[in-house]
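2 protein chains.
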Amino acid sequence: MEPSVVLAKLPKLLDLNADNITENVHLINSKNPDVRSKYIMERLVHHLHEFARDTRLSTDEWMAGIQFLTETGKICDDERQEMVLLSDTLGLSLLVDSIDHPKPDGSTEGTVLGPFHTHNLPEKANGDKIMHNDPDGTPVLVVCTVKDVNEQPIKGVRIEIWETDSTGSYDVQRTDHSVPDGRCFMISDHNGAFWFKGVVPVSYPIPHDGPVGKMLKMLSRHPWRPAHLHFILSRPGYDRLITALYLKGDTYETSDAVFGVKSSLLIDLSQADESLAKKYDVKVGTKVIKYDFVLVSEQESLELRAKNSKEALELLGHKVKIINGLPVPDID
Amino acid sequence: MEPSVVLAKLPKLLDLNADNITENVHLINSKNPDVRSKYIMERLVHHLHEFARDTRLSTDEWMAGIQFLTETGKICDDERQEMVLLSDTLGLSLLVDSIDHPKPDGSTEGTVLGPFHTHNLPEKANGDKIMHNDPDGTPVLVVCTVKDVNEQPIKGVRIEIWETDSTGSYDVQRTDHSVPDGRCFMISDHNGAFWFKGVVPVSYPIPHDGPVGKMLKMLSRHPWRPAHLHFILSRPGYDRLITALYLKGDTYETSDAVFGVKSSLLIDLSQADESLAKKYDVKVGTKVIKYDFVLVSEQESLELRAKNSKEALELLGHKVKIINGLPVPDID
Numbered sequence: 001m002e003p004s005v006v007l008a009k010l011p012k013l014l015d016l017n018a019d020n021i022t023e024n025v026h027l028i029n030s031k032n033p034d035v036r037s038k039y040i041m042e043r044l045v046h047h048l049h050e051f052a053r054d055t056r057l058s059t060d061e062w063m064a065g066i067q068f069l070t071e072t073g074k075i076c077d078d079e080r081q082e083m084v085l086l087s088d089t090l091g092l093s094l095l096v097d098s099i100d101h102p103k104p105d106g107s108t109e110g111t112v113l114g115p116f117h118t119h120n121l122p123e124k125a126n127g128d129k130i131m132h133n134d135p136d137g138t139p140v141l142v143v144c145t146v147k148d149v150n151e152q153p154i155k156g157v158r159i160e161i162w163e164t165d166s167t168g169s170y171d172v173q174r175t176d177h178s179v180p181d182g183r184c185f186m187i188s189d190h191n192g193a194f195w196f197k198g199v200v201p202v203s204y205p206i207p208h209d210g211p212v213g214k215m216l217k218m219l220s221r222h223p224w225r226p227a228h229l230h231f232i233l234s235r236p237g238y239d240r241l242i243t244a245l246y247l248k249g250d251t252y253e254t255s256d257a258v259f260g261v262k263s264s265l266l267i268d269l270s271q272a273d274e275s276l277a278k279k280y281d282v283k284v285g286t287k288v289i290k291y292d293f294v295l296v297s298e299q300e301s302l303e304l305r306a307k308n309s310k311e312a313l314e315l316l317g318h319k320v321k322i323i324n325g326l327p328v329p330d331i332d
Numbered sequence: 001m002e003p004s005v006v007l008a009k010l011p012k013l014l015d016l017n018a019d020n021i022t023e024n025v026h027l028i029n030s031k032n033p034d035v036r037s038k039y040i041m042e043r044l045v046h047h048l049h050e051f052a053r054d055t056r057l058s059t060d061e062w063m064a065g066i067q068f069l070t071e072t073g074k075i076c077d078d079e080r081q082e083m084v085l086l087s088d089t090l091g092l093s094l095l096v097d098s099i100d101h102p103k104p105d106g107s108t109e110g111t112v113l114g115p116f117h118t119h120n121l122p123e124k125a126n127g128d129k130i131m132h133n134d135p136d137g138t139p140v141l142v143v144c145t146v147k148d149v150n151e152q153p154i155k156g157v158r159i160e161i162w163e164t165d166s167t168g169s170y171d172v173q174r175t176d177h178s179v180p181d182g183r184c185f186m187i188s189d190h191n192g193a194f195w196f197k198g199v200v201p202v203s204y205p206i207p208h209d210g211p212v213g214k215m216l217k218m219l220s221r222h223p224w225r226p227a228h229l230h231f232i233l234s235r236p237g238y239d240r241l242i243t244a245l246y247l248k249g250d251t252y253e254t255s256d257a258v259f260g261v262k263s264s265l266l267i268d269l270s271q272a273d274e275s276l277a278k279k280y281d282v283k284v285g286t287k288v289i290k291y292d293f294v295l296v297s298e299q300e301s302l303e304l305r306a307k308n309s310k311e312a313l314e315l316l317g318h319k320v321k322i323i324n325g326l327p328v329p330d331i332d
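From first to last, the protein sequence lines stand for chains A and B.
Under full-length UniProt numbering, think of the first position of the first sequence as 1, with each following residue one higher.
Under full-length UniProt numbering, think of the first position of the second sequence as 1, with each following residue one higher.
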């Protein structure tokens, strides 16, 4: 098409100011042929502009924000994700997980992914050690099952696991790290069971030598997370579960810097008796964590998500329809 | 203080979900001793969470956003500021300028700074050439004055100027660039006058080989800006004016990708007659741009900003007081 033909279809963008900029950005963005991303961008521009209006944001403050986000992006690499950390510490990650992965009663709750998940994972078999480079770590035997909401075991579930060593560091945070350690994936057996030998996780501060650390300091907030083990459980047909187990009684149990702790994910450390020690080939008295994960079917999750979305948005006064499980405006 | 003493003052963060996460993030952030940044963070978290709620943002969409912002930060360097470009293309930059630099009638309007402003500028004297490495550029004589709202000339104003060459590139975009070109600063003379020789600017696409370019493509938007010259005028006692002059009749006059064009900033290209040619040492027929800038005093700008802020926020239902010219909640 000729430029003049294309331009004729655009709104006339001239003399924009605080009173008319928002509607004009909406207008020029409304040519987006994808209804979902059009809706997302409309809401993004709305809230971004309302934020500037509510605060009467100054040019200096705007520039400080630009620089903060730029630094947050620049400090990211293959093994550090500061933008996720920012989302975590502002409560956005927990909110999105809660919206996108609603859990019916009786199923295992999800929580924040955190910035230390990686895709380079060794496969381990049941009973394997997952931590090698941590001589001071207190050994722990972790014994789990995976079931559906009808208490039927699910075999063939891929379980990703990652945890800190006894100093509170993930492998990717250690300068001496070359191969993945304290992380792996396993597959649940025909009884839906999986078990491994790790170390007792400890509470640790999230990385606070970067922009997010500066922000927490400004907010007079501490950077600590209570001790936990991360899990992702996935199998086609089931809603992918991103979760973690937290050690009950941790100093930071009710002040997690990233808002992840849930009562149903708090676990006690027990000790292996003779029978357990024999069965899992560990010493009597070894620390033990037991947990039974319950997955929701993809279909049930999709329906619950769509139902929640429609109800929540109608409460907010938005008339929506659900396409591919996600809401878009319902325009007559 | 003992950790237990510090922690006792915190809200109990446990079992957070879509219904209660926002108030708890507000609570933990409310220990910030600085009232202004506390207010900004409260509004930021509010709108960030409302955005996720309005859209029922999915984990995949959240991750796409995280990656987009990460890439936007990572592509930035000393000479490319993609985060500013993002703000510009979403209309935020224009909005913030409009809020923070209100212009009373009769004064020159501001507009977007854009991502190509640099701090490394040669000083030029009146009549100097500011563009050297552009043999194909059409020469233009730019003759300006700076006055206050009472039409009194202002001497000693620092004027920063930057423009594209005839290919639509700023110096920092050229691979062969080593020293600043097409940019400088000058000081207005005792008559408030300044003049220089540049090239006629041309319309150009903003950098669209990065994340912002992808976003514009998704939005079916073109990346073009109409031809313009950038100016920053500053002198203690006056509100710093970030502005630009746009060539009237440009193809993109009413569809600027960053929403910057204002009728009062549109200028005609004229031609030097014999008298002008003689006075400014250019050939007869040389293209000429004339403009008279009008600056507002810092005091007047501050008062207008405070008045606008109070009115706008009361209209939004926020009870505020103004501290250092910026609003914070007025809590009895």
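Beta carbons: idealized from backbone N, C-alpha and C, even for Gly.
Excluding sequence positions up to five away, which residues of its chain have a Cβ less than 7 angstroms from the Cβ of B/H26?
E42 and V45
Nearest-angstrom Cα separation, counted from B/H49 out to A/L92:
Their Cα atoms are separated by approximately 6 angstroms.
Note down the Cα distance separating B/T164 from B/F185, rounded to an integer number of angstroms.
15 angstroms
Please check if any C-beta of chain B sits within less than 8 angstroms of the C-beta of A/R174.
no
Buried or exposed for B/L114, please, with buried defined as at least 16 other CB atoms from any protein chain shown within 10 angstroms of its CB.
In the sequence as presented, Leu is not what sits at residue 114 of chain B; that position holds Gly. When all chains shown are included, B/G114 counts as buried.
In angstroms, rounded to a whole number, what distance separates the CA positions of B/L219 and B/G325?
37 angstroms
Counting only Cβ-Cβ distances shorter than 9 angstroms, please list the residues of the segment 153-172 of chain A near chain B, keeping chain order.
none
Do you know offhand how far B/V5's Cα is from A/I322's?
Confidence is the limiting factor: at B/V5 the pLDDT is only 48, short of 50, which leaves the residue's position unreliable and the question unanswerable from this model.
Terminal residues of the alpha helix (DSSP H) in which B/K321 lies
Note, B/K321: premise wrong, no alpha helix (DSSP H); beta strand (DSSP E) at V320 to I323.
Got a sec, what are the start and stop residues for the beta strand (DSSP E) A/I206 sits in?
Careful: A/I206 lies outside any beta strand (DSSP E) and carries neither H nor E.
Shorter than 8 angstroms from the beta carbon of B/Y291 to some beta carbon of chain A?
no
List the residues that DSSP assigns as beta-bridge partners of A/H230.
A/W162 and A/A244
Of the residues B/V284, B/G73, B/H318 and B/V288, the one placed nearest B/W195, counting alpha carbons only
B/V288
Quick one: which chain A residues come within Cβ less than 8 angstroms of B/P327?
T55 and R56
Is there a Cβ of chain B sitting closer than 8 angstroms to that of A/R221, yes or no?
Yes, A/R221 lies at the interface with chain B (some Cβ there is under 8 angstroms from its Cβ).
Please report how far the alpha carbon of A/A312 lies from the alpha carbon of B/R56, in whole angstroms.
In this structure, the straight-line span from the alpha carbon of A/A312 to that of B/R56 is close to 9 angstroms.
Does B/V41 get closer than 8 angstroms to chain A when you measure Cβ to Cβ?
Rather than Val, the amino acid found at residue 41 of chain B in this sequence is Met. Yes, B/M41 counts as interfacial toward chain A.
Distance CB(A/G260)-CB(A/Q271) smaller than 8 angstroms
Taking 8 angstroms as the Cβ cut-off, A/G260 and A/Q271 do not qualify as a contacting pair.
Considering Cα atoms alone, identify which of B/D60, B/P201 and B/R36 is closest to B/D268.
B/P201
Give me the chain B residues within the contact set of A/C184, using Cβ-Cβ distance strictly less than 7 angstroms, ordered along the chain.
Chain-order list of chain B residues neighbouring A/C184: empty, with the shortest C-beta distance near 22 angstroms, by a criterion of under 7 angstroms.
Would you check if the distance between the CB atom of A/T251 and the CB atom of B/K12 is smaller than 8 angstroms?
No.
For chain B, find out if any of its Cβ atoms is closer than 8 angstroms to the Cβ of A/K74; answer yes or no.
yes
CB contact flag (B/D181, B/N133, <8 angstroms):
Taking 8 angstroms as the cut-off, the Cβ atoms of B/D181 and B/N133 count as close.
Three-state class that DSSP yields for B/D19 in the structure shown:
coil
What residue does the alpha helix (DSSP H) around A/I66 start on, and which one ends it?
For A/I66, the enclosing alpha helix (DSSP H) has its first and last residue at T59 to K74.
The beta strand (DSSP E) spanning residue 377 of chain B covers which residue range?
Coverage of chain B is limited to positions 1 through 332, which leaves residue 377 of chain B absent and any answer about it impossible.
Taking the Cβ atom as the reference point for each residue, do A/K147 and A/G213 lie within a distance shorter than 8 angstroms?
In this structure, A/G213 does not lie closer than 8 angstroms to A/K147 by Cβ.
Could you check where the beta strand (DSSP E) with B/Y291 kicks off and where it finishes?
K287 to L295
Can you pull the chain B neighbours of A/P180, defined as C-beta to C-beta under 9 angstroms?
Within 9 angstroms Cβ-Cβ: nothing; A/P180 doesn't reach chain B, min ~21 angstroms.
Residue range of the unbroken alpha helix (DSSP H) whose run includes A/F51
Element bounds for A/F51: V35 to T55.
Among B/V258, B/S30, B/R235 and B/P205, nearest to B/E298 - alpha-carbon criterion:
Measuring C-alpha to C-alpha distances from B/E298 to each of B/V258, B/S30, B/R235 and B/P205 identifies B/R235 as the nearest.
DSSP state of B/S301 mapped onto helix, strand, coil:
helix
Chain A contacts made by the segment 6-32 of chain B, where a contact means CB separation under 8 angstroms
Those residues of the segment 6-32 of chain B that come within reach of chain A (Cβ to Cβ, closer than 8 angstroms) are V6, L7, L10, K12, L13, L14, D15, L16, N17, A18, I21, T22, N24, V25, I28, N29, K31 and N32.
Which of the residues in the segment 201-233 of chain B, read from start to end, lie with their CB under 8 angstroms from any CB of chain A?
Residues of the segment 201-233 of chain B with a C-beta atom less than 8 angstroms from some C-beta of chain A are M218, L219, S220, R221 and H222, listed in chain order.
A/K124 at chain B interface by Cβ criterion, 8 angstroms
no
For a contact meaning CB atoms closer than 8 angstroms, what does A/I66 contact in chain B?
Q81, M83, V84 and S87
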